[in-house]
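Inspection log for the structure reproduced underneath, given as structure tokens.
Chains as they are written, first to last, in UniProt numbering: chain A, 1 to 272; chain B, 1 to 284.
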């Protein structure tokens, strides 16, 4: 009886919290402009799926945005995970004062907000402003801290025996790293990776300052440029079509890996 | 043993150290200089000008309002997010089929970009939108000075509560079963168990979530940009919103000063908060 009550309450909460927002986006992205302007939840009287999505793909710069988003997300995630794991190994094992001081700075970089305006200045000085390389390097530098912090705790908790045994057997350091450390760190790197992917794919603030021109725009940036294009009122049918297409890649990945993501985040979030 | 050689560890940490130094630490230090400089798009050289930027921002009535809005917003976000997430976590703590379905449903908003979340709720909360037609009223949720900030904070909570819930579930699951059982044996009801066992044991997760939600909301920008743009008037004009405006107008020094203010707020919030909550973990 209590369970019935609980799940009824949860369902009643989930309807306005999840179902209605999703439904609003989907159904209005199928309507012609005038009808979508009413922002109703009813089915379209006239269907305009092909027109809306055609415009978003064509004029909304969606495909360019998709390619750009992939072009920055993949290198950032790979770099942060690999360089973060390597650094965590060093921070967890070395007793050098210099490295411990560096580890402290990594901790600060998680807490303190990145200084975006001097970053623009710096990238300009390095002739890296406006393009994806500068963005990738900046995001990597600003996001490394969290993975290093999580993984260093893990490394410290592991006994050294496995690494030592492998070294005695003649494994080189890179071999020990790839064969022993990375597999051991997999749970925490997975959690860090998931949070990182969501974070980087959805980033708008950094992109707004660091990426210039529509040729470099990632999906959130192209959504913003697209939505801001109409000054007076938003073209809701097109904005929602863009929102749906922008969110879709992440949702698709999530649906495939859903069990692992949820289990990883619930079990791995607090360890380390 | 090769692995005991101390200097040999440096190459493994070096790429990360270089990237963090160049792209996080250096901008951080430069910001302190730029915040007190006459850097604008109208003059080529950047010269030290002390508190001139701060004075200008105060004269334009921008600074005090932005700080108030930002701090209020952060507190609202923290309170709403943690209330919603903790309630969901308590309801969905046990791993079962039906709970997994609900967990993934409530996780969905986390996958949506804050910008898109802003647009979605701007649609739902429009004067002629779904929320008003359901309630049978015509309230301009985002256009009303008294409610705009709370509504935007609520949208931010909507976007993040899925993730925060999972951290609370992790915290709940780390409480030893034996402890709860012995409390039950000793005659503690559900409410007493919650108050006397669960909450004290949940302190690490609470520490993490309160700190993360507060600090995260101090850097708010995306949701505000997509919903109110800082309005009505200046009621949701948080520090980063003013920073972006100053930047857009070419006042780079003032923009840096606003960014530096965010940093100071984060330090002022995070240091005592983490210290206090950590102490609570030990004594509680």
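All residues carry an ideal CB built from backbone N, CA and C; glycine is no exception.
Model, not experiment: these values are computed from the prediction.
Per DSSP, cross-strand counterpart(s) of residue i
i, result
"residue 211 of chain A", "A/130"
"residue 48 of chain B", "B/37"
Residue span of the alpha helix (DSSP H) that contains residue i, given as start and end
i, result
"residue 31 of chain A", "Note, residue 31 of chain A: premise wrong, no alpha helix (DSSP H); not H, not E."
"residue 211 of chain B", "203 to 218"
"residue 160 of chain A", "First-last for residue 160 of chain A: undefined, no H or E at that position."
"residue 22 of chain B", "Neither: residue 22 of chain B is in no alpha helix (DSSP H) and is coded neither H nor E."
"residue 115 of chain A", "It is not in any alpha helix (DSSP H) - residue 115 of chain A carries neither H nor E in the DSSP assignment."
"residue 198 of chain B", "Taken as a continuous stretch (DSSP letters only), residue 198 of chain B belongs to no alpha helix (DSSP H), as it is neither H nor E."
"residue 230 of chain B", "Where residue 230 of chain B is concerned, there is no enclosing alpha helix (DSSP H), given that its DSSP letter is neither H nor E."
"residue 55 of chain A", "49 to 58"
"residue 62 of chain B", "First-last for residue 62 of chain B: undefined, no H or E at that position."
"residue 174 of chain A", "173 to 176"
"residue 173 of chain B", "148 to 173"
"residue 18 of chain A", "Per DSSP, residue 18 of chain A belongs to no alpha helix (DSSP H) and is neither H nor E."
"residue 336 of chain A", "Summary: the structure shown does not reach residue 336 of chain A, with chain A confined to residues 1 through 272, and so no result is reported for it."
"residue 235 of chain A", "Looking at the DSSP string, residue 235 of chain A is not in any alpha helix (DSSP H), and its letter there is neither H nor E."
"residue 176 of chain B", "Segment: none, residue 176 of chain B is in no alpha helix (DSSP H) and carries neither H nor E."
Residue i (DSSP reduced to helix, strand or coil)
i, result
"residue 85 of chain B", "helix"
"residue 295 of chain B", "The requested residue 295 of chain B is not part of the displayed model; chain B covers only 1 to 284."
"residue 141 of chain B", "coil"
"residue 235 of chain B", "coil"
"residue 164 of chain A", "helix"
"residue 285 of chain B", "Since the first residue of chain B shown is 1 and the last is 284, residue 285 of chain B is not available in this structure."
"residue 40 of chain A", "coil"
"residue 96 of chain A", "coil"
"residue 2 of chain B", "In this predicted model, residue 2 of chain B has a pLDDT of only 48, less than 50, meaning its place in the structure is not dependable; the value taken from the coordinates is given anyway. Here residue 2 of chain B sits in helix by DSSP."
"residue 136 of chain B", "coil"
"residue 218 of chain A", "coil"
"residue 43 of chain B", "coil"
"residue 249 of chain B", "coil"
"residue 125 of chain B", "coil"
"residue 269 of chain A", "Low per-residue confidence applies at residue 269 of chain A: pLDDT is 49, beneath 50, and the placement is therefore not dependable, though the value from the model is reported in the following sentence. Reduced to three states, the DSSP call for residue 269 of chain A is coil."
"residue 152 of chain A", "helix"
"residue 188 of chain B", "coil"
"residue 1 of chain A", "coil"
"residue 104 of chain A", "helix"
"residue 95 of chain B", "coil"
Status (buried if at least 16 other CB within 10 Å, exposed otherwise) for residue i
i, result
"residue 2 of chain B", "Any answer about residue 2 of chain B is weak, because its pLDDT of 48 lies below 50 and its placement is not dependable; what the coordinates show is given next. By the neighbour-count rule (16 or more Cβ atoms within 10 Å), residue 2 of chain B is not buried but exposed."
"residue 5 of chain A", "exposed"
"residue 131 of chain B", "buried"
"residue 113 of chain A", "buried"
"residue 138 of chain B", "exposed"
"residue 118 of chain A", "buried"
"residue 134 of chain B", "exposed"
"residue 260 of chain A", "exposed"
"residue 272 of chain A", "Low local confidence applies: a pLDDT of 39 at residue 272 of chain A is under 50, so the model's placement there is unreliable, with the coordinate-based value given in what follows. Buried: at least 16 other Cβ atoms inside 10 Å."
"residue 284 of chain B", "Legend: pLDDT at residue 284 of chain B = 47, less than 50; position of this residue unreliable, value from coordinates given subsequently. By the 10 Å Cβ count, residue 284 of chain B comes out exposed."
"residue 146 of chain A", "buried"
"residue 233 of chain A", "exposed"
"residue 348 of chain B", "No answer is possible for residue 348 of chain B: the residues shown for chain B start at 1 and end at 284."
"residue 159 of chain B", "buried"
"residue 103 of chain B", "buried"
"residue 70 of chain B", "buried"
"residue 17 of chain A", "buried"
"residue 95 of chain A", "exposed"
"residue 97 of chain A", "exposed"
"residue 60 of chain B", "exposed"
"residue 222 of chain B", "buried"
"residue 54 of chain A", "exposed"
Check: residue i C-beta below 8 Å from any heavy atom of the ligand MG
i, result
"residue 233 of chain B", "As for the ligand MG, it is missing from this structure, which has no ligand bound."
Contact with chain E by residue i, beta-carbon distance below 9 Å
i, result
"residue 186 of chain A", "This model lacks chain E altogether; the protein chains it does include are A and B."
Problem - the stretch 105 to 129 of chain B: positions lying closer than 9 Å to chain A by Cβ - result: 105, 106, 107, 108, 109, 110, 111, 112, 113, 114, 115, 116, 117, 119, 120, 121, 122, 123, 124, 126, 128 and 129
Handout entry: Contact set between the stretch 84 to 101 of chain A and chain B, restricted to residues whose Cβ is under 9 Å from the partner
Key = 84, 86, 87, 88, 89, 90, 91, 93, 94, 95, 96, 98 and 99
Exercise for the section: Residues of the stretch 14 to 43 of chain B with a CB closer than 7 Å to any CB of chain A: list them in chain order, please. Expected result: 15, 16, 17, 19, 20, 22, 23, 24, 25, 26, 27, 28, 30, 31 and 34
Exercise for the section: Check distances from the C-beta atoms of the stretch 119 to 147 of chain A to those of chain B and list, in chain order, the residues that come in under 8 Å. Expected result: 119, 121, 122, 137, 138, 140, 141, 142, 144 and 145
Problem - Against chain A: residues of the stretch 164 to 190 of chain B by CB proximity under 8 Å - result: 166, 167, 169, 170, 171, 173 and 174
Handout entry: Within 7 Å of chain A by C-beta, residues of the stretch 222 to 233 of chain B in sequence order
Key = 222
Handout entry: Proximal residues, the stretch 214 to 229 of chain A versus chain B, C-beta separation under 7 Å
Key = 220, 223, 224 and 227
Practice task
With 8 Å as the C-beta to C-beta threshold (strictly closer), list the residues of the stretch 42 to 55 of chain A near chain B in chain order.
Solution key: none
Exercise for the section: Name, going along the chain, the residues of the stretch 140 to 157 of chain B whose beta-carbon falls closer than 7 Å to a beta-carbon of chain A. Expected result: none
Exercise for the section: Below 7 Å between beta carbons is the criterion; list the residues of the stretch 189 to 207 of chain A that meet it against any residue of chain B, in chain order. Expected result: 198, 202, 204 and 205
Exercise for the section: Using a Cβ-Cβ cut-off of less than 7 Å, give me the residues of the stretch 55 to 83 of chain B that come near chain A, in sequence order. Expected result: none
Exercise for the section: For the stretch 24 to 44 of chain A, enumerate the residues whose C-beta is nearer than 8 Å to any C-beta of chain B, in chain order. Expected result: 24, 25, 28, 38, 39, 40 and 41
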